[in-house]
Amino acid sequence: MKQNVNLNDIFKHNYICKSKLNNSKTKLAFLVVNANKNENKYDSNLFIIDIKTKEVNQLTSDGKINDFCWDNNEEIIFDGTYRNKEILSLIDRGETWSSIYKININHGEAKHYFDVKLNIVSIDKLNNHKYIFKVVYNPFKKIINDIRSPEKEKINFINNENNDYYIINKSPIAINGLGYTNDKYVHLYLYSKKDDNYKCLNKKEQFCIDYTIYNNKILFITSSFNEFLISNNGLYLYDDTRDDIKSLIIDKDFRVQFANLVDDNDVICGIEKYTTLNKNINSKLYHINTKNLEWKCINQFDFSYGNTIYSDVSYNQKIYSKVFNNYIYLCTTENYFNNIYKINKNGDVFKVFDTKNNGSIIDFEIIDENNLIINLSKDNNLYELFLFNNSSLDCLTEFNKSYIQNKNICDVKVYTYKEINNIKFNGFVIYPSEYCENKKYPVILLIHGGPKIVYSNQFNFEAQLLASNGYFVVYCNPRGSDGKGNSFSNIVGKFGVLDYLDIIDFINWFKDQFKNNINENKIGVIGNSYGGYMVNWIITHTNIFKAAISCKGISNLKTMFFTSDIGKEFVFKICGTSPFENSQKVDFHSPINYLNNVKTPTLFLHPELDYRCNLNESLQMYNGLKYKNIESKLVIFKNENHNILSVGKPNHKIKWYYEILNWLKKHL
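Following this note's numbering, the numbering of the sequence shown begins with 70 at its first residue and continues without gaps.
Rendered as structure tokens:
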């Protein structure tokens with residue numbers, strides 16, 4: 070007998086990520102991540118698929134593999150610092166080290182390969198003896214590996230003393246997930262095992278955002294502090310054969326979303342022209358000639374590149390592009406689904422994979438022009454790896470099959486609830502898991518974050534959990550969302566107006582269409598991040614909801630401007646101005662200024678270390694409601710950041726949903 074979705078299902082989900090083919094395209098390595106209930110963390114193990122036989126084998130079982138790369142067709146290297154007791158003791162003494170291990174995919178235990186005096190967060194291979202590392206760099210943390218006593222003791226004392234305070238001279242003062250940022254960066258390093266030396270490829274005061282490899286060249290995107298804003302505004306090409314770094318484009322008004330070499334001299338990249346009036350638009354495709362530095366726009370698709378579909382069953386995954394045979398392959402978000410296209414330097418476009426309105430893609434690898442391996446969620450299932458061959462699609466893995474087979478997974482029905490200028494507005498409805506026609510049910514409206522992301526018809530754990538607890542679950546993609554072009558997503562200066570109108574239109578449409586199935590006096594609303602902002606806006610502008618839950622939301626755009634890691638960017642995105650140029654406009658879009666209107670009992674959930682939508686945003690709303698004697702509750706999650714629902718501790722995620730269910734049960 071099938072069971073309803075419940076809180077402990079978090080420990081039954083398997084998240085597939087970081088798929089990588091070997092050079093011969095005969096084997097695929099990938100990680101499977103799952104929540105460890107006993108240790109309240111995530112286990113991550115390495116698996117291999119034989120492309121020819123489709124056989125899947127587990128390579129590691131210690132649960133501690135975070136990143137890896139192929140060293141050759143039969144061997145994989147990974148950060149195994151946790152295995153090396155000697156290196157761990159040096160780290161405990163204040164030194165900076167990482168220990169790299171190698172494992173043969175056919176036999177044997179992982180063996181120590183080399184050590185490097187860097188704090189590595191990712192690893193790749195450039196050529197026979199050179200490796201690429203992303204490294205957390207902090208100049209205030211002295212590297213004392215080669216210093217002898219008593220100097221070492223003195224420097225250790227200075228390091229320990231510096232742990233007691235932060236010295237800030239840049240803004241933003243903190244970045245979500247990284248913490249206080251003064252002179253703390255993520256750098257890109259090239260390491261020569263042959264010579265046992267390394268060098269940083271980007272400038273000292275730059276973050277390395279992303280990089281791609283082509284032959285002996287590394288193309289990397291950087292960002293740097295720019296007043297209150299961190300922008301992806303550098304694109305560099307390193308040529309190892311010449312030991313030369315060339316700047317391809319630096320412009321404070323441009324943001325590089327992704328970039329790939331499609332041959333030795335040609336780059337295709339996604340670039341946004343970044344001004345205060347178009348913060349929510351799609352990138353355009355540009356071609357850059359690396360010899361003469363000429364660049365031109367080759368395509369202006371009104372697509373969103375990458376996957377912007379909301380998912381709470383993927384783990385820290387981001388995908389934009391891959392290269393094969395001088396084409397860049399791009400995942401796009403269209404309406405509420407993903408597709409894959411290939412584009413050459415002339416701007417010629419070909420659709421490679423069509424999900425047919427039914428799919429979310431979080432990764433893919435290219436075997437050849439006819440065969441792709443795709444990490445895909447379709448038919449309201451969790452993600453699995455599929456082999457796509459021209460028109461056929463075969464599932465390669467079954468990590469989540471038994472879970473889906475043994476659960477009452479409710480269908481997601483897609484509707485068009487209104488149409489403006491030939492643009493259809495999509496709404497999604499999930500019936501309660503044990504639905505009876507002669508019974509009326511409470512309703513929960515979900516609002517996604519972003520706002521430039523989308524809800525889809527794929528598996529959503531929160532929505533399924535609510536449906537299993539007897540609620541109709543509904544959600545929509547209002548203006549400001551992704552998938553329908555720039556005119557739809559770009560609502561600068563109209564936040565709280567157009568999006569609010571679309572959300573209210575949707576809930577009114579739903580109430581009318583399902584009036585015989587629902588209890589109109591028992592409707593609640595939940596939103597995360599931007600969705601939390603909209604919940605704060607909704608409860609200050611209408612009383613139709615009988616319970617509200619604002620999760621890591623924004624309440625005061627003035628305080629956000631000065632405290633968030635994206636404060637300047639986001640406030641301009643919402644208001645089209647700043648507190649300095651137009652204080653009244655910023656106040657207009659801030660829910661905190663309408664607290665006198667609130668009557669809705671509201672629960673606030675917020676991570677303690679959220680530097681994206683700071684804790685003070687929920688504190689202001691909570692204290693305001695308490696002052697007005699409106700029933701409210703605040704739950705703060707220690708040592709968690711804005712990404713709590715994707716990479717937060719499993720027990721914290723369970724507590725998060727537990728508080729939601731209790732609040733709804735009490736008020737609906």
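Glycine is no exception: its CB is placed at the ideal position from the N, C-alpha and C atoms. Please read these numbers as outputs of a predicted model, since none were measured by experiment.
For residue i, is the classification buried or exposed, using 16 other Cβ atoms within 10 angstroms of its Cβ as the cut-off for buried?
i, result
"residue 217", "Any reading at residue 217 must be qualified, since the residue scores a pLDDT of 46, below 50, and its modelled position is unreliable; the value itself is stated next. Answer is exposed; the Cβ neighbour count stays below 16."
"residue 603", "buried"
"residue 741", "Since the displayed the chain opens at 70 and closes at 737, residue 741 lies outside it and no answer follows."
"residue 284", "exposed"
"residue 213", "Because residue 213 sits at a pLDDT of 45, beneath the cut-off of 50, its placement in the model cannot be relied upon, and the point is left open."
"residue 70", "exposed"
"residue 707", "exposed"
"residue 198", "exposed"
"residue 122", "exposed"
"residue 271", "buried"
"residue 346", "At residue 346, the pLDDT of 48 sits below 50, so the modelled position is not reliable; the number obtained from the coordinates is stated separately. By the 10 Å Cβ count, residue 346 comes out exposed."
"residue 79", "buried"
"residue 176", "exposed"
"residue 652", "exposed"
"residue 268", "exposed"
"residue 316", "exposed"
"residue 493", "exposed"
"residue 642", "buried"
Is the beta carbon of residue j closer than 8 angstroms to that of residue i?
i, j, result
"residue 340", "residue 324", "yes"
"residue 376", "residue 429", "yes"
"residue 401", "residue 374", "yes"
"residue 549", "residue 644", "no"
"residue 672", "residue 732", "yes"
"residue 439", "residue 526", "no"
"residue 592", "residue 615", "yes"
"residue 196", "residue 309", "yes"
"residue 133", "residue 158", "no"
"residue 702", "residue 612", "no"
"residue 516", "residue 572", "yes"
"residue 396", "residue 331", "yes"
"residue 84", "residue 486", "no"
"residue 388", "residue 432", "yes"
"residue 496", "residue 504", "no"
"residue 729", "residue 689", "no"
"residue 675", "residue 705", "yes"
"residue 67", "residue 102", "This structure does not reach residue 67, given that the chain is present from 70 up to 737, and the question cannot be answered."
"residue 597", "residue 693", "no"
"residue 419", "residue 410", "yes"
Using only alpha-carbon positions, find the residue among the options that is nearest to residue i.
i, options, result
"residue 273", "283, 267 and 254", "254"
"residue 342", "362, 366, 491 and 357", "366"
"residue 119", "91, 596 and 631", "91"
"residue 337", "612, 158 and 357", "357"
"residue 328", "682, 354 and 251", "354"
"residue 656", "629, 676 and 268", "629"
"residue 276", "265, 207 and 452", "207"
"residue 601", "553, 687, 233 and 649", "687"
"residue 305", "311, 312 and 287", "287"
"residue 107", "719, 734 and 729", "719"
"residue 334", "442, 144 and 364", "364"
"residue 48", "416, 291, 204 and 454", "Not covered by the structure: residue 48. The range shown for the chain is 70 to 737."
"residue 142", "165, 135, 251 and 94", "94"
"residue 282", "660, 393, 176 and 432", "393"
"residue 77", "726, 737 and 735", "726"
"residue 610", "649, 666, 631 and 307", "666"
"residue 423", "452, 451 and 458", "458"
Looking at chain B, is there any beta carbon in it that lies within less than 8 angstroms of the beta carbon of residue i?
i, result
"residue 449", "Reference to chain B is not applicable here, since this structure consists of a single protein chain."
Per the contact definition of three or more C-beta pairs closer than 8 angstroms, is the segment 454–462 in contact with the segment 518–527?
-> With a cut-off of 8 angstroms, the segment 454–462 and the segment 518–527 do not count as touching, because too few Cβ pairs lie within range.
Length-filtered (3 minimum) beta strand (DSSP E) runs lying within the segment 574–653 = Whole beta strand (DSSP E) segments, 3+ residues: 587–597 and 616–620.
Pairing CB atoms from the segment 165–177 with CB atoms from the segment 147–154, are three or more of them under 8 angstroms?
-> Because the criterion of three Cβ pairs below 8 angstroms is met, the segment 165–177 and the segment 147–154 touch.
Are there three or more Cβ pairs, one per stretch, closer than 8 angstroms when the segment 511–520 is compared with the segment 577–591?
-> When C-beta atoms of the segment 511–520 are compared with those of the segment 577–591, three or more pairs fall below 8 angstroms, so the two segments count as touching.
Would you say the segment 380–394 touches the segment 527–545, given that touching needs at least three Cβ pairs under 8 angstroms?
-> Flag = yes, the segment 380–394 and the segment 527–545 touch.
Validate contact between the segment 618–626 and the segment 543–558 using beta carbons, cut 8 angstroms, 3 pairs = Per the Cβ contact rule, the segment 618–626 is not in contact with the segment 543–558 (fewer than 3 Cβ pairs under 8 angstroms).
Segments assigned beta strand (DSSP E), at least 3 residues, entirely inside the segment 104–161 = Correct list: 110–119, 125–127, 137–139 and 144–148.
Which runs of the alpha helix (DSSP H) spanning at least 4 residues fall entirely within the segment 486–520, listed in chain order?
-> The qualifying runs do not exist here; there are none.
Can you list, in chain order, the stretches of the beta strand (DSSP E) that have 3 or more residues and sit fully within the segment 319–388?
-> Listed in chain order, the complete beta strand (DSSP E) runs (minimum 3 residues) inside the segment 319–388 are 323–330, 335–342, 353–358 and 364–368.
For the 8 angstroms Cβ check, are there 3 or more pairs between the segment 672–681 and the segment 243–251?
-> Yes, since at least three Cβ pairs between the segment 672–681 and the segment 243–251 fall closer than 8 angstroms, the two stretches touch.
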